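Everything below concerns the one structure shown next.
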Amino acid sequence: MTAPQPIRRFVEAPNAADSEAFLQIFTADALLTDWGRSFRGREEIARWNQSDNIGVQSHLDIVRIAQSDGAYHVRIKVAGSGFNSEGDMTFTLDGDRIASLVIS
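The sequence shown maps to residues 0 to 103 in numbering that gives the first Met the number 0.
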């Protein structure tokens with residue numbers, strides 16, 4: 000399965016170190032949950048991006064993707080100065096933006 004454009008952009012923006020493009024991928028009121036820590040809206044997601052994503056030079060690669068119940072379940076390989084391993088992410092989309100992302 001090919002990743003939908005918002006998920007491809009979610010991977011491409013950190014790889015290009017483009018925080019502005021990264022934040023625009025999310026709806027204005029998006030919810031990002033990272034192992035129980037929740038960030039609502041672009042301002043809070045920007046803080047997460049700085050501490051856990053582009054701010055630690057993350058490089059992302061999609062390992063696999065599946066769709067069920069209206070959500071996309073994506074295994075992503077992460078490398079950089081922070082978390083280094085594979086992790087599971089569940090994306091819910093709203094048009095061409097991410098409405099919610101759960102990292103587990």
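Just so you know, even glycine gets a beta-carbon here, dropped at the ideal spot from N, CA and C. The model shown is predicted, which means the values in this text are computed figures rather than measured ones.
### Query
Candidates 56, 25, 80: which alpha carbon is nearest residue 90's?
Taking the sequence shown and counting its residues from 1, the one referred to as residue 90 is at position 91. Per the C-alpha coordinates, the member of 56, 25, 80 positioned closest to residue 90 is 25.
### Task
Go through the region 30 to 67 residue by residue and report every complete run of the beta strand (DSSP E) that reaches 3 residues or more, in order.
If we require 3 residues or more, the beta strand (DSSP E) runs fully inside the region 30 to 67 come out as 36 to 39, 58 to 67.
### Task
Ignore the nearest five residues each way along the sequence and tell me which others in residue 27's own chain have a CB closer than 8 Å to its CB.
Working through the sequence shown from its first residue, we reach residue 27 at position 28. The beta carbon of residue 27 lies closer than 8 Å to those of 40, 41 in the same chain, with the five residues before and after it left out.
### Query
From what residue to what residue does the alpha helix (DSSP H) around residue 12 run?
Counting from one through the sequence shown, the residue named residue 12 turns up at place 13. Where residue 12 is concerned, the enclosing alpha helix (DSSP H) starts and stops at 4 to 14.
### Task
State the Cα-Cα distance for the pair residue 68 and residue 16, rounded to the nearest angstrom.
Reading the sequence shown from its first residue, position 69 is the one you call residue 68. Reading the sequence shown from its first residue, position 17 is the one you call residue 16. Approximately 32 Å between the Cα atoms of the pair.
### Message
Is the beta carbon of residue 97 closer than 8 Å to that of residue 5?
### Response
In the sequence shown, the residue the question calls residue 5 occupies position 6. In the sequence shown, the residue the question calls residue 97 occupies position 98. Closer than 8 Å, so yes.
### Message
Just verifying my parser: in three-state terms, what is the DSSP assignment at residue 21?
### Response
Walking along the sequence shown from the start, residue 21 turns up at place 22. Assigned with DSSP and collapsed to three states, residue 21 falls in helix.
### Query
Just checking my contact of residue 3 with residue 92 at CB under 8 Å: how many whole Å lie between their CB atoms?
Numbered from its first residue, the sequence shown carries residue 3 at position 4. Numbered from its first residue, the sequence shown carries residue 92 at position 93. About 6 Å separates the beta carbon of residue 3 from that of residue 92, a gap short enough to meet the 8 Å contact definition.
### Task
Return the Cβ separation of residue 48 and residue 30 in integer angstroms, given the expectation that the two are a contact with Cβ distance under 8 Å.
One-based indexing of the sequence shown puts residue 48 at position 49. One-based indexing of the sequence shown puts residue 30 at position 31. Between residue 30 and residue 48 the Cβ distance is about 14 Å, and since that is not below 8 Å, they are no contact.
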